RNA sequence: GCCGGCGUAGCUCAGUAGGUAGAGCACGUCCUUGGUAAGGACGGGGUCACCGGUUCAAAUCCGGUCGUCGGCUCCA
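Numbering (this note's numbering), first residue to last: -6 to 596.
Next comes the structure, spelled out in structure tokens:
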């Protein structure tokens, strides 16, 4: 079998060159599985080169669980083509080629790129110095720092998963290449487990569950990215918000409500029309004045602060609001509840003095951790975003205030014994911040909390308080959101619990299932008893058999079902069935209520 | 916004040599009165996303728009 033209050309190119085999070549360090995945990318590239002559190759790195390769493939490649590519990959792997390494001088490498018509590789070469490393398996050669597995036979347990567009070198201005993703593991068991996990993740997709459990609705008719909370979801949102308000009020926060629109002039002053315009919706004309929908709550909270002259005795002032904001998000980025155009920030702005600033930060971390505990996220990861020390000019505020702030943020984390990653250059231009991500049941992390210092707005709005020295001082402003957005947080909760929500959050906690029509009255009595005790109970009075009603209760993910038939009606009991666990046996109504209350209390 | 896939009943989907539509679930009525994950019969429900084109004839072919899905980019 003759190799396709493309491969022959490449092979000839290489043969015609003088190779400087360097004895001391050291490939970069990769773990065995990373090496395997990277070799997979090469294997895929060789298959694509065979099937689609003329393909130009970009980069093909290993990633978590697998690999991808960015390529410019002539003609359209669709998801249906993936199995063919996979087949070709297996065929090549079976031949058990060895991966061989060569080193070319930079000049030779450039010549290779030109002669084999690989302009993307040529471009990469421009950024690399010195001799260039190449790897070959079979008829395919790729410029690559390695390392690789020895033989293609090792490349067994993989699956191509998706195909997508990706900008060359991640730049929106550059052409879009075709990226093919695959997953790969060292053993079949690991691959199967991973594929199973992907299935699981699909099952707990909040968009799926949102439909099935009637939690929320997103539809073109009401605008993309705009959420209709259905009764079940709305009730759960109320539970979340009640808890949030309770905790805040207990900790000295004051609750606000502010408008959804404000004159453009306000957004000019806050700087949003300057820095954030692209994310704001088009203005509306009200009596000849231009108004804008709010993308953030900050200016309003500042307006509350500025209601009158403030004294240091009033600080810290902790203002919080579940504030609805609207942001224009580009159409391609909308995603269920995770990325929407109208959402509710669990926002707060804390105005404090330099003396109390540190303990306020500490209190923010404390309330954040309390929230994670309440909503069932025991694990979280913290990032401290600092300014780029190489480029301090693009940041607002003096060196002293930045150093002090960053040090204080770090101290607070250290004193709480919280581990964190410090990231230079990730701070906003107006101040450093702490970001916190929680880890869900299946190990994914989601950013929730952000605690940011703001050196900008207090200046812009000329905020002040009168100190003990009777002089005006500029307050320190902390901007923080614990859950981020209620919409997004709800989406995360749905996926975290896979729809099996804790009892205290569930819109319906118990569904009473009469065995037949004859026991409807007793069932209604049980519902009344539960309701009187504050339990959210409903009667399933449908004309169906018990098995059907139980199935419905399970499918609807109702935490408890209470079966009532002749036996129960006579003895004043219920047959209790727990979601997923099944029959718990018969108990008195009192015991059932006590059981439910205990579980609700325990959270 | 960009690349690619998709858009048929409330939901999940079938409907490829173009001839104005089907299933299951859900919903309604009736029968059935039943012990821990689907009892039965009948019935209502769709401008086949939208706009335009080709054709005697378009869910089906072509173009555009919108939405959605997977990525990319973005994410004060």
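Glycine is no exception: its CB is placed at the ideal position from the N, C-alpha and C atoms. Predicted model, so just to flag it, every value in this text is computed and none were measured.
Go ahead and label residue i buried or exposed: buried means 16 or more other beta carbons lie within 10 angstroms of its beta carbon, across all protein chains shown.
i	result
residue 221	exposed
residue 277	exposed
residue 598	Here the chain covers residues -6 to 596 and nothing more, so residue 598 does not appear.
residue 50	buried
residue 548	exposed
residue 76	exposed
residue 422	exposed
residue 14	Confidence at residue 14 is low in this model, with a pLDDT of 37, below 50, so the placement of that residue should be treated as unreliable; the coordinate-derived value is given next. Looking at its Cβ environment, which holds fewer than 16 other Cβ atoms inside 10 Å, residue 14 is exposed.
residue 175	buried
residue 25	exposed
residue 123	exposed
residue 575	exposed
residue 213	exposed
residue 250	exposed
residue 481	buried
residue 35	buried
residue 536	exposed
residue 145	buried
residue 235	exposed
Round the Cβ separation of residue i and residue j to the nearest angstrom and send it over; I've been treating them as touching at under 8 Å.
i	j	result
residue 443	residue 489	Actually they do not touch by this definition, with Cβ atoms about 19 Å apart.
residue 151	residue 33	6 Å
residue 557	residue 585	The Cβ separation is near 11 Å, so there is no contact.
residue 495	residue 534	Between residue 534 and residue 495 the Cβ distance is about 27 Å, and since that is not below 8 Å, they are no contact.
residue 154	residue 126	At roughly 28 Å, the Cβ-Cβ gap does not stay under 8 Å, so residue 154 and residue 126 are not in contact.
residue 474	residue 340	5 Å
residue 354	residue 401	7 Å
residue 360	residue 244	6 Å
residue 302	residue 524	The Cβ separation is near 51 Å, so there is no contact.
residue 219	residue 369	28 Å between Cβ atoms; not a contact.
residue 241	residue 313	5 Å
Taking the straight line between their C-alpha atoms, what separation do you get for residue i and residue j?
i	j	result
residue 10	residue 107	At residue 10 the pLDDT is 33, less than 50, meaning the model places this residue with poor confidence and gives no usable figure here.
residue 455	residue 246	23 Å
residue 197	residue 545	18 Å
residue 273	residue 320	5 Å
residue 438	residue 58	16 Å
residue 600	residue 543	Absent from the structure is residue 600, since the part of the chain shown begins at -6 and ends at 596.
residue 180	residue 372	29 Å
residue 46	residue 139	24 Å
residue 188	residue 37	19 Å
residue 462	residue 356	27 Å
residue 562	residue 515	6 Å
residue 159	residue 60	14 Å
residue 99	residue 178	34 Å
residue 375	residue 396	19 Å
residue 201	residue 233	21 Å
residue 382	residue 426	15 Å
residue 84	residue 134	17 Å
residue 626	residue 71	Residue 626 cannot be examined here, being either before or after the span of the chain that is shown, -6 to 596.
residue 56	residue 27	8 Å
residue 522	residue 428	46 Å
residue 192	residue 419	34 Å
residue 91	residue 143	6 Å
- Message: Could you tell me which whole alpha helix (DSSP H) segments of length 4 or greater appear in the region 255 to 302?
- Response: 257 to 263, 265 to 268, 291 to 298
- Task: Any chance you could list the alpha helix (DSSP H) runs of at least 4 consecutive residues sitting entirely within the region 376 to 410, in chain order?
- Result: 392 to 408
- Query: At a cut of 8 Å, does the region 485 to 505 reach the region 538 to 555 through at least three beta carbon pairs?
  - Reply: yes
- Any beta strand (DSSP E) of 3 or more consecutive residues that is wholly inside the region 453 to 497: 469 to 478
- Query: What beta strand (DSSP E) runs, 3 residues minimum, are completely inside the region 47 to 120?
  - Reply: 59 to 65, 93 to 97
- Message: Under 8 Å: do the region 454 to 469 and the region 282 to 302 share three or more Cβ pairs, one atom per stretch?
- Response: yes
- Message: With a threshold of 8 Å, are at least 3 pairs of Cβ atoms found where one atom belongs to the region 399 to 418 and the other to the region 321 to 336?
- Response: no
- Using 8 Å as the Cβ pair cut-off and three pairs as the minimum, do the region 114 to 123 and the region 165 to 174 touch? no
- Query: Looking at C-beta atoms only, is the number of pairs between the region 302 to 313 and the region 340 to 352 that lie closer than 8 Å three or more?
  - Reply: yes
- Message: Threshold first: 4 residues or longer. Then list the alpha helix (DSSP H) segments lying entirely within the region 175 to 199, N to C.
- Response: 181 to 196
- Message: Could you check whether the region 202 to 210 touches the region 223 to 236, counting it as contact only if at least three pairs of C-beta atoms, one from each stretch, sit closer than 8 Å?
- Response: yes
- Item | At least three beta-carbon pairs within less than 8 Å, the region 126 to 144 to the region 83 to 97 | yes
- Which runs of the alpha helix (DSSP H), 4 residues or longer, sit entirely within the region 537 to 562? 539 to 548
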